[in-house]
Structure formats: C-alpha cells, structure tokens
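J.: This structure is in structure tokens; I'll ask about it shortly.
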Amino acid sequence: MKKQNNIHSTSLVAQRQRLLEALRERSLTTVDCRNELNIIAPAPRIYELRHNYGHEILTERVTVADNHGRLHPRVARYHLMKNENCGG
C-alpha cells in the first residue's frame with residue numbers, strides 16, 4: 002500500500018494505511034477508529050485489509066463507552082494477528 006496517512010485525508014488509501022499502522026501498535030474499537038483515526042466506517046477498511054491485502058484481523062465484540070459516557074454493546078474491537086508475511 003502506498004504510504005499516505007494524513008489524518009485529514011478521507012481517501013480509502015489513507016484510511017487503510019492509518020488503520021493498519023494503528024493496528025500494528027494495539028487493538029482498536031470502532032469508536033477508536035472514529036475518534037482517533039478519522040475513519041467513520043472502519044468495517045469496510047477492515048474487510049479490504051483482510052480480503053484484498055491478506056492481513057489476518059480478528060474481530061471481537063465488546064461494550065465501550067463513547068465520549069459522553071454512554072455504553073454501546075457489541076462494538077467491534079479489531080486485533081491484527083502478528084503473522085505479517087503478506088504484502089500491504
């Protein structure tokens with residue numbers, strides 16, 4: 002993937018790059034992706050990273066609080082598995 006991780010860019014390439022770089026550091030929830038990475042819909046980017054670029058990403062469902070303290074059940078938390086032998 003071409004390196005283009007400007008937080009202000011909403012291009013698909015930039016979103017995938019930001020998401021992959023962040024997942025290499027820690028697991029992320031949908032709320033994290035929206036608040037920290039400027040990715041409003043992370044699920045399609047996760048799909049692309051899995052199916053188009055071969056990354057193994059595990060999804061678990063968790064309950065998380067939003068910025069207002071409201072709990073949201075069954076939010077996706079994504080984990081990048083450490084077998085980084087694929088391109089991207």
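Under the working numbering, think of the first position of the sequence shown as 2, with each following residue one higher. Note that the Cβ used here is the ideal one computed from N, Cα and C, for glycine as well. A quick note: this is a predicted structure, and the numbers were derived from the prediction, not measured.
1) When the distance is taken between beta carbons, is N36 closer than 9 angstroms to N8?
2) Bridge partners for V76 per DSSP, in chain order?
3) Near L72, which residues of its chain fall below 8 angstroms by C-beta distance, leaving aside the five closest residues on each side in sequence?
4) Near H80, which residues of its chain fall below 6 angstroms by C-beta distance, leaving aside the five closest residues on each side in sequence?
5) Below 9 angstroms between beta carbons: does that hold for L20 and R46?
T.: By the coordinates alone:
1) Reading the sequence as shown, one finds Ile at residue 8 and not Asn. In this structure, N36 does not lie closer than 9 angstroms to I8 by Cβ.
2) Partner(s): V63.
3) T64, V65, A66
4) S28, L59
5) In this structure, R46 lies closer than 9 angstroms to L20 by Cβ.
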